[in-house]
Amino acid sequence: MIAAEPLFRAEGLSKRYGGVIALDRADLEVRPGRIHAILGENGAGKSTLIKLMVGVVAPDEGRMTLEGREVAFARPAAATDAGVICIFQELSLIPDLSVADNIMISHPPTRFGMIDRPRQRRIAEEALERAGAGDIHPRALVKDLPLSRRQMVEIAKALARQPKILILDEATSALTASDVTKVFEVLKRLRTEGLALLYISHRMHEIAELADECTVFRNGRRIATFAAGTKTDAEVIELMIGREYKHAFPEKPGPKADGRPPALQCRSLGWADRLKDISFSLHAGEIIGLGGLDGQGQRELLLALFGVLRDCRGDILIDGNNVKIESPVAAKSERIGLALIPEDRKTEGLMLPMSVRDNLSAAAFDRFSRFGVIDRQRQSALIDEMIRLIEIKTASPDLAVSALSGGNQQKVVIAKWLMNKPRIILLNDPTRGIDVGTKQEIYRLLRRLADDGAAILLYSTDYDELIGCCDRVLVMYDGAIKRELVGTDITERALVSSALNVQDTEPAEASVP
Amino acid sequence: MSDATASRSVQRGTAMLRRLDPAVAASFGCILLLLLLGSLYSRSFLSPEYLLQQLKVASFLGVIATGMMLVILLGQIDLSVPWVVTSGAMMACAVAAHGTIGAVIAIPCGILCGAAIGIVNGIGVAYLRIPSMIITLATNAVAQGLMVAYTGGFAPQDAASRAMRYLATGNAVPGLPNAVLVWAVVGAAAIWMLSRTTFGRSIYAIGNREQAAYLSGIDTRRVTMLAFALSGALSAFGGVLLAGYASKAAQSMGDAYLLPSIAAVVLGGTHILGGRGSYLGTVAGVVLITLLQSILSVMQISEAGRQLIYGAVIILMLLIYGRQKT
Amino acid sequence: AEPETVKGPASDPQCMVPWTTDTKFFKFPAKKGPYRIALANGYIANTWRIQMIQTAKAYAAQPEVKAKLKEFKVVSTGEDVPAQISAINNFIDSGYDAIVVNAQNPTAFGPVIKRAKQAGVILVAFDNILATEDAINVNVDQKGLGELWAKWLVKNVPDGGKVLEVRGVAGTSVDTDRHNGFHAVLDGSGKKWQVTEVVGKWDDGVAQKATADAIATNGPFDAISGQGGDTGIVQAMLDAKQKMVPFGGETENGFRKFCATKASEGLKCSSAGTGPAQVAVAIKVALAALEGKVVPQSVKLPLAVVEDPDFKKDQDYFPAQSDNFFVGNSFPTCGINFTAQEIMGQSKENQ
Amino acid sequence: MTEWRYWFSEQRGTLLAIGIFVAMFLIYATNHPAGFSVNMVQTAANKATLLAFVAMAQAIVVITAGIDLSVGMILTLTNCLASWIVVGTATETALGVIGVLGAGLLCGMINGAVVIFGRLQPIVTTIATGAMYYGVALFLRPNPGGSVNETLADALTGRLFGVLPTSLMALAVTALVIWVPYSRSVVGRAAFATGSSEVAAYMSGAPIRAAKFTAYTLAGLLSAIGGLFLTFFSYTGEAAYASGNAYTLFSIAAVVLGGVSLMGGRGSAIGAIFGALAFRTIGDLLFVFDFDPLWQPLFQGLVLMLAVSIGAFGLVRVRNRLEWFG
Ligand SMILES: Nc1ncnc2c1ncn2[C@@H]1O[C@H](COP(=O)(O)OP(=O)(O)OP(=O)(O)O)[C@@H](O)[C@H]1O
Ligand SMILES: Nc1ncnc2c1ncn2[C@@H]1O[C@H](COP(=O)(O)OP(=O)(O)OP(=O)(O)O)[C@@H](O)[C@H]1O
Ligand SMILES: [Mg+2]
Ligand SMILES: [Mg+2]
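Chains as they are written, first to last, in my numbering: chain A, 1 to 513; chain B, 514 to 839; chain C, 840 to 1190; chain D, 1191 to 1516.
Below is the structure:
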């Protein structure tokens, strides 16, 4: 049921980065009025394809046509002019400019050569409204917004540019469930308006809900294109990873009750007006999930535990001993043994231009140095071991991490802390932008770490993850823990209702204060 | 030497060659080019005496640029170089006037003064988070103020001690000026520190992304402060050497070292925003700047022409190899 | 109030020597003392300037001078000319009676001179004088200094030869005047001279490096002249084992120490310059003008010259003192005699 | 209400600069021997506007996350040029003024072209071009001298209606004619975007090159206006290396005091103007306090240090340590 002539066609596109073939003679056809999903493992070449399409990088070979005419965009601005608009995996918002300025960055309305700010603001407000983000103030600075809000701004910005083809490269990866719903409505509306949409995501259920057709990439090659719904999830995943796939979260044995004090315990932890009276305990061998809408204090809780926030109230106990954690230096010390996998790997997790080796070393100098002098052999041994253990796909430990695919970068962030053998691991949405295969690896890894005695606190925006991975889930709302779900009580329904702080249909379970 | 070790050392050699930054290689190429061009003007630019003398003079800038490089690697800058150089020199000379004990502790005292100013810079940058460009400008003004008040008010001794003279102008190894040896030692220490110590790697990490370094549990503030302290100490040490070379300390002897030290570091391929750069590049940059200044100095053209050529040659060399990747 | 232009001689003809025979003489209306006098200095961070300020303070503190002064204020504004102009404007607005200026740029003070004239404030410039007839200039003959050094070389190097000329800060009038004087004499000497010019910026370190380079590439030289940084120049000669040759240079103590000790090896020196003590003469002239005495518009200071073999220990040079110290501290005809100790140790005793 | 809050947070840097300036100027004015008089204001204004022009120039470049170390030299060069050509009849003078501004524009364009098309780091590029501009200045004025149309000069450094310093008016007009349209133009906003995040700006299709080029060009133009005023103020031209350098360094200080982020993307030229005024007032304070002349430089240094540390008091309020890095 091919509906229309292709709006855009790519033929034989290839791109090499040094020895790495990022894209190998790829073809693609995009049609108006349809949502075309692109799937593939981390590093399959999806983002590379997009970058070629919108002129961020030039292809080594191959040609592209738009509306029958051959095109080769020299820079993103040229693609924008032609109506090929992309929302990148790496956000392209300008932190110090206002939301309105960002939305209208390439084609602002002008009067007498100056930007017509009242009009710009109106257009921006409309675009935000259309993207379902009318709550964002157009004058707010982008850098003051949380990540999920920023992504909504990205979407509004794309809409304001009157796209013919709209490409979303993991644009929903940082969004909360409620935002995703809104964005989906927008996308479906755009489809009926005749836009061509390219949709990249690692979330299978999103693709199932949205896509009209799917293309699978593996190792830089297009493997298959098929109409949505003609293949099962398992089949699709097998196409992606090229081998058999067993979908399963690892077993949840739960912590052994050995009578030892909890590895981490909070007593009425508070900070400014963002954290309120938080108490819980986390045992060795246990994985606790943090749920709730984005921005309800989960990030602050992790930062508070990691010694980043000043003037915290309440007590933190490690192995039953009251401790003061004043800095990440203290947090990672032998005595405390904390690790934090931060939210934004680009700015908080990695030194992008530095090598994998340097990044893996940064948190664990003490493991292979004496009196500040690095023992190179020991360092190399530990790093090689870690790369093998976590299966980081890199040609060499001396490669810059910026050259790795998003998923592998995320693995580096996790691995860098595992180098330090932490006893308590705090994770801030660690599987964002990670393909299903790798996600499974990370889940197994977390469970293995827990089984080996680590205590894990996992914040996630992905309900499946909380359900599949965690022994207990603490749902936060407005800086406080509103509800604790244990074992089989952890259901999507329970998570959603408590996240919204609404009465569940089974009032017995709700703990409304 | 067995075959195995020989081939291993060959391997290591080629590995080093492969690792050698093309920019660094190109900058050494530029040095040769400069000398060749100079020799068209006068044969003596190729004479060993002249070259050694240039190395000797370069070593003062080299020591100072080492400190500057540490700070630039952090993504900061140190504009307090001029008066830290002077303070180091003047304080060392002043201490040297106090008998035998004075003579012994003169050099360490000078260096410590520089380190102290560096620590003030470091506290400003790391703990108060004042942009380095401005806090170092301020400490430079304060150091100048202190030195002016000191010279005017305390009738200071400003003759260099014998040890200082020996360090700057002596020849412990025949034919090789001590200053060059000193620079070699400082340079070797810097290379070792930057590549083999946690401090050095932390500097690169902070220069690339301070926030990520902080969240990795690196004590970013201490590292930053230490780097500034080292920069101050090395500037002051440069001043001590200069005082030894001139056999005395004088006001404003550091003025001629600020822009050249920045230029040398950046000319050597270190990224001004921090995080990237190798010490060999800095060595090349220092030698380049020194040679260029020297060759221009003795060419009989007007000062105006010299300035024009100086600027043009720097830009030309950067265009040859110093372009940023986009 | 404008000065009357009168006929000479000056009230103190021995000290206040007119620049030329055409120099005008001024007689300002006498004001009642004690006076408020200001010193508007520019750059401060080198030894010459510091010494100059010390001398000014010392002179103002002398009992007979002190009696005439209600206030003596010094402000240093740095290298920036407009800042110095503004400082003078401020002094004028604040009602100072006379302002003594070491100008950063001799030509830049036109507007201020106008204002000073309108306000009846006496402006006395020294060291870097003002290119005007409306202010009093107390100056050393910069061109004459260059000539003096050249004459010395002409006299002491019989057959001409290779000369190294170490110049000062480019773009300044002092550097150009000295350079022009120097060349005028060499060119007119009838001998063959091959001059190598380098820039020493009046700074020992810079001069030393430049000299070292010059010797290595163009040396050895038969004669050397330096506008400043001469201690560094001789140091470079020693380091490069350049033979000691006749030298025309400034008055740094370090340089004179070399002149005295290395004379036998051939370092025959003419050491002459513009000592920082000229500030005292400037103050003296300002006071005289305020008192209504006749003063020349342009005062010619004697050069403090010492030539080989006249270098006398503890009079022309001070082995125990700093190399950076400038020895030209006395203008006997003006009754100004500061010893090195008095100036450099001045506030030390005050402490 | 929130609208007002957003405005306030956008203008915070500028407001702080105004605050610092007003506080300092009050101290100065109330202690001035001549009292708060028209003359005193005119004197202060004339001196400060010069730096204010250069600071505006620096601010515009710094906003793109670049830096221009040649602004002082462009000032010197245009000063020398103006002392040749801004003379004679009204027409000749007008042509001369246009010529001077054109020269500044050209210098700025050269900087911009080298930085953009050569892809060189701005800091060394402008050190090198600065040397070249100084060379040209020396060609023009080997000796201080020259002259300027004194009627124009007096008019522009005098007073309007007997009270308003013309130089301040000229500064205000320049800000209104250059900065305001620029900052609200597409290119101007692209400059902010480039400074804030060059990659994001590129990805968003903002005209990065045009923005940088315009920024450097305007910086050249504004420095030339500064050079013109220097000529009006001093009636002459002088190729003064030290003072050119001083203006460059002062402009950085002024920009920081004016709340412009050296990381780029934040700040305004208006803030930089007040930063310049505040910086100049530090120098003026010497005049009203009776310090030993040899302790004056130290006093100045300490006041500068204090002024730049004021921003650090905000740190006490920071509860989330990650904000250090923002
Ligand atoms: N700038 C670069 N330099 C070197 N290699 C690169 C560069 N960019 C991408 N690559 C490589 O190209 C391959 C494809 O990367 P790409 O980013 O397209 O993957 P992806 O499918 O988008 O993965 P993900 O799902 O993790 O985002 C990867 O192996 C990556 O390491
Ligand atoms: N940076 C901005 N981002 C988004 N909207 C803005 C921005 N600046 C101004 N606006 C909005 O544009 C409209 C009119 O702009 P106008 O130019 O009058 O701004 P303004 O409030 O005067 O700002 P300023 O005082 O900063 O110039 C107003 O609705 C204002 O809220
Ligand atoms: Mg991708
Ligand atoms: Mg991804």
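Yeah, the Cβ is synthetic: ideal placement off N, Cα and C, and Gly gets one too.
Name, please, each residue of chain B whose Cβ falls closer than 7 Å to the Cβ of residue i.
| i | result |
| --- | --- |
| residue 1036 of chain C | 813 |
Closer than 8 Å: is that where the CB of residue i sits relative to any heavy atom of ligand 1?
| i | result |
| --- | --- |
| residue 23 of chain A | yes |
| residue 17 of chain A | yes |
| residue 137 of chain A | no |
| residue 527 of chain A | Here chain A covers residues 1 to 513 and nothing more, so residue 527 of chain A does not appear. |
| residue 1502 of chain D | no |
| residue 224 of chain A | no |
| residue 359 of chain A | no |
| residue 202 of chain A | yes |
| residue 437 of chain A | no |
| residue 217 of chain A | yes |
| residue 46 of chain A | yes |
| residue 648 of chain B | no |
| residue 434 of chain A | yes |
Run down chain D in chain order and give the residues with a C-beta less than 9 Å from the C-beta of residue i.
| i | result |
| --- | --- |
| residue 828 of chain B | 1304, 1308, 1310, 1314, 1315, 1318, 1319, 1322 |
| residue 475 of chain A | Under the 9 Å cutoff, chain D gives no residues; its nearest Cβ is about 23 Å from residue 475 of chain A. |
Along chain A, in chain order, which residues have C-beta atoms closer than 8 Å to that of residue i?
| i | result |
| --- | --- |
| residue 714 of chain B | 358, 361, 362, 365, 374 |
| residue 1371 of chain D | 113, 114 |
| residue 724 of chain B | 347, 348 |
Find the nearest neighbour of residue i within the set the options, judged by alpha-carbon distance.
| i | options | result |
| --- | --- | --- |
| residue 110 of chain A | A/102, A/103, A/119 | A/119 |
| residue 318 of chain A | A/363, A/260, A/431 | A/260 |
| residue 1264 of chain D | D/1450, D/1247, D/1496 | D/1247 |
| residue 1509 of chain D | A/340, A/274, A/330 | A/274 |
Residues of chain A with CB under 7 Å from residue i, in chain order?
| i | result |
| --- | --- |
| residue 1519 of chain D | Since the first residue shown for chain D is 1191 and the last is 1516, residue 1519 of chain D is missing from the structure and cannot be characterised. |
Which bits of chain D does residue i rub up against, with CB to CB less than 7 Å?
| i | result |
| --- | --- |
| residue 779 of chain B | 1311, 1313, 1314 |
| residue 80 of chain A | 1395 |
So with CB distances below 8 Å, who are the chain B contacts of residue i?
| i | result |
| --- | --- |
| residue 1110 of chain C | What residue 1110 of chain C touches in chain B: nothing, since even the nearest Cβ is about 17 Å away. |
| residue 1047 of chain C | 758, 759 |
What residues from chain C crowd round residue i, counting only those whose CB sits closer than 9 Å?
| i | result |
| --- | --- |
| residue 674 of chain B | Within chain C, no residue comes near residue 674 of chain B; the closest Cβ sits about 14 Å away, beyond 9 Å. |
| residue 1333 of chain D | 946, 1010, 1011, 1012, 1014, 1015, 1016 |
| residue 1522 of chain D | In the structure as shown, chain D starts at 1191 and stops at 1516, and residue 1522 of chain D therefore has no counterpart that could be examined. |
Going by other Cβ atoms of all chains shown within 10 Å of its Cβ, with 16 needed for buried, is residue i buried or exposed?
| i | result |
| --- | --- |
| residue 1483 of chain D | buried |
| residue 831 of chain B | buried |
| residue 368 of chain A | buried |
| residue 242 of chain A | exposed |
| residue 1443 of chain D | buried |
| residue 337 of chain A | buried |
| residue 1176 of chain C | exposed |
So residue i and residue j are supposed to be a Cβ contact under 8 Å. How far apart are they, rounded?
| i | j | result |
| --- | --- | --- |
| residue 982 of chain C | residue 1019 of chain C | 6 Å |
| residue 584 of chain B | residue 590 of chain B | 6 Å |
Name the chain E residues that come within less than 9 Å of residue i, Cβ to Cβ?
| i | result |
| --- | --- |
| residue 332 of chain A | Although the question refers to chain E, the structure presented lacks it and instead comprises the protein chains A, B, C and D. |
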